[in-house]
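Residue numbers (this note's numbering): 20 to 328. A quick write-up on the structure given underneath.
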Amino acid sequence: MKKITIGIVLLIIIFGSPLVFANSSDKSENAQSDEQIEKELIKSMDETKKAKEKLEKLFTKSSKELKDKGYDEVGLGFSNEERILTVQVKDKGLLDTNKREMENIIFNTAKEVGFKDFDIKFRVLERDITRNEKDKELMESLDKVSNVVSDVLKDKGYNNLSYSISVKPKKEIIIEGTDKGSAGNEELKNTITNTILSETNMKFTVKLKKKSEGEISDMEWQPIFTAINEETNKKFNEYRGFAYSFHPQPLQIIIKTKINNSWFGNSDEKVKEIENYADKIIELKIEELSIKEIPYEIIIRDKNNKKIN
């Protein structure tokens with residue numbers, strides 16, 4: 020009996036040992052995978068940042084040169100997914116006679132700043148000239164007032180991510196900030212009012228408000244939402260869209276995919292990969308932005324908008 024008992028014990032030890040080693044190996048592989056995802060994401064987000072900087076330089080330099088050539092009312096827009104730069108012009112006559120010159124200005128500037136792989140499309144804005152001149156004058160005056168307010172807030176130590184400015188046509192300005200003390204700051208309100216009057220000769224009613232906790236969270240998380248949308252789109256062909264909702268809690272981060280979640284498909288691994296990728300983006304951006312983490316849930320939806328994780 021003793022020999023049998025010892026044999027059984029040895030058998031358990033022999034077969035048990037590989038299980039221990041296998042678990043240890045799995046943890047090591049998971050750690051390496053997580054580390055690899057992080058390295059890949061850091062590189063990708065850095066590339067995205069540099070591409071945005073190049074696009075901004077392209078817009079700034081192209082707009083200036085177009086204006087210097089007499090094209091005052093030309094707007095530029097860009098679709099990153101389609102890689103199309105849209106040029107909006109005020110009338111068809113301008114486009115018919117100057118299209119080639121405007122294209123050359125933009126392509127030459129793009130070459131100068133290192134922005135590549137895009138096409139140009141032109142769009143003519145049909146509009147009521149008389150009405151638009153009035154709108155233009157109003158928008159210019161409101162933009163001027165908004166810039167004055169921004170300069171005052173900057174001088175007072177507020178960064179542009181800590182407040183929002185709404186300039187109303189009826190001579191009212193609403194400034195919503197994240198700082199608890201800004202709402203009742205009469206000195207700041209008077210400074211803004213007097214500066215607007217002295218620099219624009221316009222008198223505005225200034226209101227200072229404190230943003231709600233939900234609004235603050237929404238504002239703080241916008242760079243994270245942007246990163247999820249950009250980086251997930253770059254990484255996965257299955258990606259088709261992004262959404263989020265703070266209500267109901269916790270924060271719902273919704274990633275829409277083209278995955279066909281049929282019973283014979285093998286989508287579980289891809290779903291988990293997308294979920295882990297988005298989770299790592301959030302982790303890195305929270306650390307980068309130094310904001311407070313709040314409870315959130317990542318929801319992956321298939322092509323029929325059904326939750327699949």
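Ideal Cβ placement from N, Cα and C applies to all residues, glycine included.
Rounded C-alpha distance that separates I235 from Y315: Here the question's residue 235 lines up with position 216 in the sequence shown. Here the question's residue 315 lines up with position 296 in the sequence shown. Cα to Cα, the separation comes out at about 16 Å.
Based on the DSSP secondary-structure assignment, which residues constitute the bridge partners of Y90? Within the sequence shown, the letter at position 71 stands for residue 90. Looking at the DSSP assignment, Y90 forms no beta bridge with any residue, so it has no partner.
Between G196 and K173, how many whole angstroms is the CB-CB distance? I'm expecting something under 8 Å. Here the question's residue 196 lines up with position 177 in the sequence shown. Here the question's residue 173 lines up with position 154 in the sequence shown. No, G196 and K173 are not in contact; Cβ-Cβ is about 13 Å, not under 8 Å.
Taking C-alpha atoms, which residue in K76, Q271 and G96 lies nearest to G133? For the purposes of this step, residue 133 is taken as residue 114 along the sequence shown, with counting starting at 1. If we check each option's Cα against that of G133, K76 comes out closest.
Span of the alpha helix (DSSP H) around I124: Locating residue 124 in the sequence shown gives position 105, counting from the first residue. Run containing I124: K111 to V132, per the alpha helix (DSSP H) assignment.
Other residues of its chain near F255: CB distance less than 7 Å, five sequence neighbours each side excluded: By one-based count along the sequence shown, residue 255 stands at place 236. Taken in chain order, the residues that qualify are I293.
I need the boundaries of the beta strand (DSSP E) containing Q241, first residue and last residue. By one-based count along the sequence shown, residue 241 stands at place 222. Premise fails: Q241 lies in the alpha helix (DSSP H), E232 to K254, not in any beta strand (DSSP E).
Would V93 and K109 qualify as a contact pair, given that the criterion is a beta-carbon distance under 9 Å? Stepping through the sequence shown from its first residue, residue 93 is reached at position 74. Stepping through the sequence shown from its first residue, residue 109 is reached at position 90. Yes, the Cβ-Cβ distance between V93 and K109 is below 9 Å.
For my contact list, N106 and I61 are in at a C-beta cut-off of 8 Å; report their separation, rounded to the angstrom. If you number the sequence shown from 1, residue 106 lands on position 87. If you number the sequence shown from 1, residue 61 lands on position 42. The residue you asked about is not Asn; residue 106 is Val in the sequence shown. The pair is not a contact, with the Cβ atoms about 34 Å apart (cut-off 8 Å).
Can you find at least 3 beta carbon pairs, one from the stretch 204-215 and one from the stretch 239-255, that sit closer than 8 Å? no
By Cβ distance below 8 Å, which residues in the same chain neighbour E84 in space, the five residues on each side in sequence not counted? As a working note, residue 84 is residue 65 in the sequence shown. The answer, listed in chain order, is I124 and T128.
Quick one, which of I319, R259, Q271 and I310 has its alpha-carbon nearest E288's? Translated into the one-based positions of the sequence shown, residue 288 becomes position 269. Considering only alpha carbons, the answer is I319.
Does D321 pass the burial test, meaning 16 or more other C-beta atoms within 10 Å, or should it be called exposed? Translated into the one-based positions of the sequence shown, residue 321 becomes position 302. The residue is buried, with at least 16 neighbouring Cβ atoms inside 10 Å.
Local Cβ density within 10 Å of A262, reported as buried at 16 or more and exposed below that: Taking the first residue of the sequence shown as 1, we reach residue 262 at position 243. By the neighbour-count rule (16 or more Cβ atoms within 10 Å), A262 is not buried but exposed.
Give me the Cα-Cα distance between D65 and L270, rounded to the nearest whole angstrom. As a working note, residue 65 is residue 46 in the sequence shown. As a working note, residue 270 is residue 251 in the sequence shown. Taking the straight line joining both Cα atoms gives about 26 Å.
Take the Cβ of L103 as the centre, count every other Cβ of all protein chains shown within 10 Å, and call the residue buried at 16 or more, exposed below. Within the sequence shown, numbered from 1, the residue matching residue 103 stands at position 84. Position check: residue 103 holds Ile in this sequence, whereas Leu was assumed. Exposed: under 16 other Cβ atoms inside 10 Å.
Assumed close pair F223, T212 - CB separation to whole angstroms, cut-off 8 Å: As a first step, residue 223 is located in the sequence shown; it is residue number 204 there, counting from the start. As a first step, residue 212 is located in the sequence shown; it is residue number 193 there, counting from the start. Contact flag correct, Cβ pair sits at about 7 Å.
Please list the terminal residues of the continuous alpha helix (DSSP H) segment that includes E312. For this step, residue 312 is matched to residue 293 along the sequence shown. That residue, E312, is in no alpha helix (DSSP H); it is neither H nor E in DSSP.
For I193, report the span of its alpha helix (DSSP H) as first-last. Translated into the one-based positions of the sequence shown, residue 193 becomes position 174. Segment E191 to G196 is the beta strand (DSSP E) holding I193; no alpha helix (DSSP H) there.
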